[in-house]
Amino acid sequence: MKKADIGVIGMEVMGKSLALNMESKGYTVAVYNRTGQKTKDFADGPAKGKNIIPTYEIKDFVNALESPKKIMMMVKEGAPVDGFIEMLLPFLKKGDLIIDGGNSFFKDTIRRNKNLSEKGIFFIGTGVSGGEEGALKGPAIMPGGQKEAYQLVEKIFRDISAKAYDGEPCVDYIGPDGAGHFVKTIHNGIEYGDMQLIGEVVWFFKNTGMKADRIADIMARWNGKDDILRSYLIEITADSMKQKHAGSDEFLVDRVADITRMKGTGTWTVQSALELLVPIPTIAAAVFSREMSQDKDLRLAMSKNFSFSSGKFGGNPEEMIDVAHDALYIAKISSYAQGIALLTAASSVYNFNLNIGRIAKIWRAGCIIRAQFLDEITRAYEANPNLPNLLASPKFAGFVSANIGKLARFIEVAHQCGVPALAMSSAFDYILQITSAVMPSAQVSALQRDYFGAHGYFKINSGSPELMVNSEGKVREFHTEWLVPGRPEKEITK
Ligand code: 6PG
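What follows is the structure in structure tokens.
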């Protein structure tokens, strides 16, 4: 019997769909699942008559593979990944390759890559985005690990991946060890931001008195061919908002509870940002909003004591459509600027050597954040690979400068109506902060720290926002002896 080109472990939806996708592109695929019944159901069902080899012992699974053996795990992140690696190891030889296609924590991937490398086994940690349909018909794939390891599966990955409108496969070598999983994590953080921003706009429209089908129409228009907001998430918002509740005339969206759960990648994104000192307030706002959404009992109780949450919009809702459109676009640019800033920082700290333009290209199709506007990001980074921030790209800077008033207006009206807009507000304030030569109260809080803790402060030159430096260009640091009469100021020299 012909040996399999690749093996897939894990027969949940993602594993099954990927195996079918690979088979449909001409590959023979061996499959294995911890519980044999799932493998059998798959073999007797969707895999029947296809070049898919079901196996029920890990030894048989590995033996069914062509050498060097390529094994893709689609299992839950954490202990199951380590468990399968342990199970596989006795049957693998130098040069074989294990791929983890789940949403693993990138530091786990760095550790696994290192441990397996010492044994001569290649390890790739890859992001696979696009859900069940993507896995089956073409996901976006973000592989990180040894370059030689990637070359072993490059053709398979290119064949099974989504193709952008220009035919380019949505996969590329991302970088060493944990780079692929890191990029997938930030993709998910950005996904959280996008979802929260859209959610706030939809909730705003609803509070102006619009019905769900009207909002769905607006979203469908925003997903139009040449619209700057055109994206998968806007598309599915339009589609899902029209859905009626089973057996009634109500819209499903009006009956779905305001509770959003999460599995962890958004939180990891924020944790990384805290660790790397990169502000990502909009993505954090999205995670915090999901947390607040889960506190339903508390919100129900609190809502009884406060009435400002039920304010009504007094104007013409239709006038707000264009305002909200451009406000959402600016907030999206702000949120992506934050996510990309985090990628850039991690790239240098972890030596991932990330190419932002190419990452944006991979995200153009297949994945959840796929959008027209990613092309614009690619162009911005192709024009200047060292762009200090996405907002510095002339095209985005131009749009933001010309239209930032619409984001301000959206937030103002939302707040007047008692509509929370944590992500939209943070996106606005991020832009204000990053474009401020002097941030409000920076000097005051610096003085407070020096006052109570002798922590020192820097100075700016008189009448200028520039830092005061010495003749060697080094920033000068000072401390005031606040409790000593006359409050003498000293220069701190280290
Ligand atoms: C994707 C998705 C996928 C999954 C998220 C959902 O890229 O295909 O991001 O990875 O749907 O993990 O995450 P939450 O459960 O945390 O919303």
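Just so you know, we're using this note's numbering here: the sequence shown kicks off at 86 and counts up by one.
Positions of the beta carbon are idealized from the N, C-alpha and C atoms, including for glycine.
Going by alpha carbons, who is nearest to residue i out of the options?
i: glutamate 239; options: Glu218, Met107 and Val147; result: Met107
i: methionine 405; options: Phe290, Pro470 and Ala342; result: Phe290
i: glycine 349; options: Phe373, Leu201, Gly263 and Ala499; result: Phe373
i: alanine 104; options: Glu217, Pro175, Phe169 and Cys255; result: Glu217
i: arginine 572; options: Ser556, Leu532 and Ser549; result: Leu532
i: valine 114; options: Thr120, Gln122 and Phe127; result: Phe127
i: tyrosine 515; options: Ile418, Glu285 and Leu359; result: Ile418
i: threonine 270; options: Ser357, Leu201 and Arg315; result: Ser357
i: glutamate 203; options: Gly210, Asp193 and Lys179; result: Lys179
i: alanine 264; options: Met99, Leu427, Val286 and Gly130; result: Leu427
i: isoleucine 444; options: Asn136, Pro165 and Cys255; result: Cys255
i: serine 325; options: Phe458, Ile344 and Asp298; result: Asp298
i: proline 550; options: Trp567, Thr578, Leu359 and Thr520; result: Thr520
i: phenylalanine 176; options: Phe146, Lys199 and Thr463; result: Phe146
Following a CB-centred definition, is residue i positioned closer than 7 Å to any heavy atom of ligand 1?
i: asparagine 106; result: no
i: cysteine 255; result: no
i: leucine 120; result: Per the sequence shown, residue 120 should be read as threonine rather than leucine. No - ligand 1 has no heavy atom lying nearer than 7 Å to the Cβ of threonine 120.
i: glycine 216; result: yes
i: glutamate 467; result: no
i: lysine 348; result: yes
i: glutamate 276; result: yes
i: isoleucine 226; result: no
i: histidine 266; result: no
i: histidine 272; result: yes
i: isoleucine 313; result: no
i: glycine 351; result: yes
i: isoleucine 453; result: yes
i: glycine 168; result: no
i: glycine 219; result: yes
i: asparagine 401; result: no
i: asparagine 308; result: no
Sorted by chain position, which residues of the same chain lie with C-beta nearer than 6 Å to residue i's C-beta, five sequence neighbours on each side aside?
i: aspartate 411; result: Asn488 and Lys491
i: methionine 304; result: Ile319, Thr322 and Ala323
i: asparagine 118; result: Met96 and Thr124
i: phenylalanine 207; result: Leu182, Gln231 and Ala234
i: asparagine 188; result: Glu162 and Thr350
i: alanine 149; result: Ala89, Ala115, Ile138 and Thr140
Residue i lies in the beta strand (DSSP E); which residues open and close that run?
i: valine 213; result: 207-214
i: lysine 155; result: 155-158
i: tyrosine 141; result: Element bounds for tyrosine 141: n/a, residue is neither H nor E.
i: glycine 92; result: 91-94
i: proline 228; result: 225-230
i: alanine 149; result: That residue, alanine 149, is in no beta strand (DSSP E); it is neither H nor E in DSSP.
i: alanine 115; result: 114-117
Enumerate in chain order the residues of its own chain whose CB-to-CB distance from residue i is below 8 Å, with the five nearest sequence positions on each side excluded.
i: isoleucine 241; result: Asp90, Ile91, Met107, Lys110, Tyr112 and Lys155
i: alanine 493; result: Phe513
Since residue i is in the alpha helix (DSSP H), which residue starts that stretch and which ends it?
i: glutamate 576; result: Not the alpha helix (DSSP H): glutamate 576 falls in the beta strand (DSSP E), residues 574-577.
i: glycine 351; result: 350-361
i: valine 560; result: Run containing valine 560: none; DSSP gives neither H nor E here.
Just to confirm my understanding: we take residue i, look at its own chain, exclude 5 residues before and 5 after, and list those with CB closer than 7 Å. What are they?
i: aspartate 460; result: Arg449
i: glycine 260; result: Gly229, Phe437, Asn438 and Leu439
i: leucine 98; result: The question names leucine, yet the displayed sequence has valine at residue 98. Closer than 7 Å at the Cβ level, and outside the excluded window around valine 98, lie Glu217.
Is residue i close to ligand 3? I mean its beta-carbon at under 7 Å from any heavy atom of the ligand.
i: leucine 532; result: No copy of ligand 3 appears in this structure; the ligands present are ligand 1.
Check your understanding: Is there contact between the stretch 222-233 and the stretch 374-393, where contact requires at least three CB pairs shorter than 8 Å?
Key -> Proximity of the stretch 222-233 to the stretch 374-393 falls short of the contact definition, fewer than three beta-carbon pairs being nearer than 8 Å.
Review point. Taking one C-beta from the stretch 361-373 and one from the stretch 266-281 each time, how about it: are there three or more such pairs within less than 8 Å?
Key: yes
**Study point:** Stretch pair the stretch 177-197 + the stretch 143-159: three plus CB contacts closer than 8 Å
**Key:** yes
Check your understanding: Below 8 Å, can you find three or more Cβ-Cβ pairs linking the stretch 465-476 to the stretch 294-301?
Key -> no
Check your understanding: Per the contact definition of three or more C-beta pairs closer than 8 Å, is the stretch 558-573 in contact with the stretch 537-545?
Key -> yes
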